[in-house]
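> Starting off with a structure, shown below.
Protein chains in written order, with our numbering: chain A, 1341 to 1666; chain B, 1341 to 1666.
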């Protein structure tokens, strides 16, 4: 999909938890939480408040009082964080689900709606919370289960981008909608390995459709493959004759200061949303990055599907974000 | 949102369970199930198979081997029916979540993508299964809980529409994205009452934005408000000076032959999908209906949000489907 009218990311806002702010995003987020409960009584309410904060702050920064449409989703059952946040904003709302790929799906749809003239502006937002995700997908935190070394740590954070045809900011020039890819991985603690094939396929499809070489981009940024998954995606692309070793990185691999508890790095919809919305857009506005291919990745499993012995279907969407030549 | 290039619903396919086929849709569906397990071992697999069948059959009827994009979602946690069905088709996939409003959200996005030239054709599909929904949202079926009289019955069925700029079929001329509306209803057995305000608001917004009178449409069709909810939406609109008594009906109120077990009628994403995709499109192709406003409605709760004492946020999107004047 090519966007002729150059929809732009005119503002973004992010919020992240204390563990995350000890790492890369700490210097760039709009709100660094000291308490990951965000003064709320449940993890789910804290997650919702982060998402709502990031949406409101991104609109404020764009000097807008509302938007034509909000495109949002999250990891919780029935995407309650997004729906309840949408209720508070009163913005016309399209709920999406793409697990951790939500941020690229949201940016793609926001681009389509604004580029096609169906909306003046559109907000794409998502987030996640370690504790709400952990107790929904894995075990009650109180159990204190040991985590295997191939596991990742769900990022407590949220990010929101306002996309508009008017205004200033990096352009979304084109994008590629991914297919569901399933290489038969059924280890729910090894999401990076499960998602890497989906990421490599959509990157290959994107480069093929646009006729671009991997070197065209300053950075090919995957969502939350983590350290292991990031290595796998580089190898898979290398096998296909595409070398992304010089310019590939991964939000999950970047987000934490040290890989100890969190082993392979960060994951969750809030991982790519907070890293892209803070650090990456900051580097783009400073001109240190000019062409970024943002490929958030999602694992589309549920506890029921895994319980019924299914493998993990995965998806990734590619969004090309480029500074206009000055 | 107005669609200048007249995207058309060039084909549709539906499948429904035995209880549903005893009612309205029995004569119109592509596949009437004799066994609601669809020869599968779990309810979830049966639901997925129905959805996959309807997607494949709608492509077959449109004489297509694939499509540019599939937009789908369902009621299960992490929309596993849609994601696993997408894996089988291999079509580029955008997951959405709008609970029972999924069919109108899907048709709106399919219209945007095809009208704007981002895709040649797009498939919008959804479905639900009584037994998988019941055990996820309410109680294990084996408990044999008594159902209160204001409750509805989740439809076992699925529907898929192929939208394209080329070809023949009723046009999607315009649509209105809804806001999340919450009137404070917290009774999870009274979805009709919870969703009616969202439906009435989006109908009013649609009529206001388009300058159309309610009588413009042969039928204003809500998704799954049921008998009680359908009465509420008519009253709410009447209070605002909009009379839809002559031309309003509701898929949930129409779907079952008799309201006994199912009390207020049908619900679920498969309700509006199977009724719209079979009976309504059949009546449109026969010329007995020419202008239909399709307003599927969704209740955006989860068991966690209800358990934490939250009320039910609801949404509805309006899609105008019109035969071209001959």
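By construction, the Cβ of each residue, glycine as well, lies at the ideal position given by its N, Cα and C atoms. Since the model is a prediction, treat every value here as computed from it, not as a measurement.
Taking C-beta pairs closer than 7 Å, name the residues in chain A that residue 1492 of chain B reaches, listed in chain order.
In chain order: nothing, as chain A lies at least about 17 Å away.
> Counting only beta-carbon atoms, is residue 1417 of chain A nearer than 7 Å to chain B?
yes
> Output the residue ranges of the alpha helix (DSSP H) runs that lie fully inside the region 1572–1652 of chain B and measure 4 residues or longer, sorted by chain position.
1591–1595, 1609–1615, 1621–1625 and 1643–1647
> Considering only DSSP beta bridges, list what residue 1466 of chain B is partnered with.
B:1413 and B:1499
> Does residue 1410 of chain B get closer than 7 Å to chain A when you measure Cβ to Cβ?
No Cβ of chain A is located within less than 7 Å of the beta carbon of residue 1410 of chain B.
> Quick check on DSSP: helix, strand or coil for residue 1348 of chain B?
strand
> Closer than 6 Å to a non-hydrogen atom of the ligand GDP - does that hold for the CB of residue 1456 of chain B?
Annotation note on the ligand GDP: not contained in the displayed structure, which lists no ligands.
> Any beta-carbon of chain E closer than 7 Å to the one on residue 1426 of chain B?
Going by chain labels, chain E is absent from the structure shown, which instead holds the protein chains A and B.
> Who pairs with residue 1435 of chain B in a beta bridge, going by DSSP?
B:1412
> Identify, in the order they occur along the chain, each residue of the same chain with its Cβ nearer than 6 Å to the Cβ of residue 1362 of chain B, setting aside the five sequence neighbours on each side.
1597
> Quick one, which of A:1486, A:1387 and A:1615 has its alpha-carbon nearest residue 1352 of chain A's?
Cα-wise, what sits closest to residue 1352 of chain A is A:1615.
> From the DSSP output, in three-state form, read off residue 1515 of chain A for me.
strand
> How is residue 1399 of chain B classed by DSSP in three states: helix, strand or coil?
helix
> With which residues is residue 1461 of chain B paired in a DSSP beta bridge?
B:1504
> I'd like to know whether the C-beta of residue 1393 of chain A is nearer than 7 Å to at least one C-beta of chain B.
no
> For the region 1580–1588 of chain A against the region 1531–1551 of chain A, do three or more pairs of beta-carbon atoms, one drawn from each stretch, fall closer than 8 Å, so that the two count as touching?
yes
> Return helix, strand or coil for residue 1383 of chain A, following the three-state DSSP convention.
helix
> When you compare the CB of residue 1435 of chain B with every CB in chain A, is at least one pair closer than 7 Å?
yes
> Should the region 1470–1478 of chain A be called in touch with the region 1509–1522 of chain A, which here means at least 3 C-beta pairs below 8 Å?
no
> Using beta carbons (cut-off 7 Å, strictly below), is residue 1432 of chain A in contact with chain B?
yes
> List, in order along the chain, the chain B residues whose C-beta lies closer than 7 Å to that of residue 1648 of chain A?
1382 and 1384
> DSSP three-state label for residue 1361 of chain B, please.
helix
> Comparing C-alpha positions only, which one of A:1624, A:1663 and A:1654 sits nearest to residue 1430 of chain B?
When A:1624, A:1663 and A:1654 are compared, the shortest CA-CA separation from residue 1430 of chain B is found for A:1654.
> Counting contacts by CB-CB distance shorter than 7 Å, is residue 1458 of chain A in contact with chain B?
yes
> Between which residues of its own chain and residue 1345 of chain B is the CB-CB distance below 7 Å, once the five residues before and five after are set aside?
1455 and 1505
> Could you check what DSSP says for residue 1486 of chain A in three-state terms: helix, strand or coil?
coil
> Which residues in chain A have a C-beta closer than 9 Å to the C-beta of residue 1583 of chain B? List them in chain order.
Here the premise fails: no neighbours, minimum Cβ distance about 25 Å.
> Residue 1492 of chain A to residue 1611 of chain A, Cα distance in whole Å?
Distance between the alpha carbons of residue 1492 of chain A and residue 1611 of chain A: 11 Å.
> With H, G and I counted as helix, E and B as strand and the rest as coil, what does DSSP make of residue 1424 of chain A?
helix
> Let's see if you can read the secondary structure: which residues bound the alpha helix (DSSP H) around residue 1543 of chain B?
Per DSSP, the continuous alpha helix (DSSP H) segment holding residue 1543 of chain B begins and ends at 1531–1550.
> Note down, in chain order, each residue of its chain lying with its Cβ closer than 7 Å to the Cβ of residue 1576 of chain B, except the 5 sequence neighbours on either side.
For residue 1576 of chain B, where only same-chain residues beyond five positions count, the Cβ hits under 7 Å are 1536, 1537 and 1540.
> Tell me the rounded alpha-carbon separation between residue 1661 of chain A and residue 1632 of chain A.
5 Å
> List, in chain order, every chain B residue whose beta-carbon is nearer than 7 Å to that of residue 1341 of chain A.
1458
> Taking the alpha carbon of residue 1496 of chain A as the point to measure from, which residue in A:1635, A:1391, A:1566 and A:1398 has its own alpha carbon closest?
A:1391
> Measure the C-alpha to C-alpha separation of residue 1423 of chain A and residue 1478 of chain A and round it to an integer number of angstroms.
Between residue 1423 of chain A and residue 1478 of chain A, the C-alpha separation is close to 23 Å.
> For the 8 Å Cβ check, are there 3 or more pairs between the region 1523–1530 of chain A and the region 1621–1637 of chain A?
no
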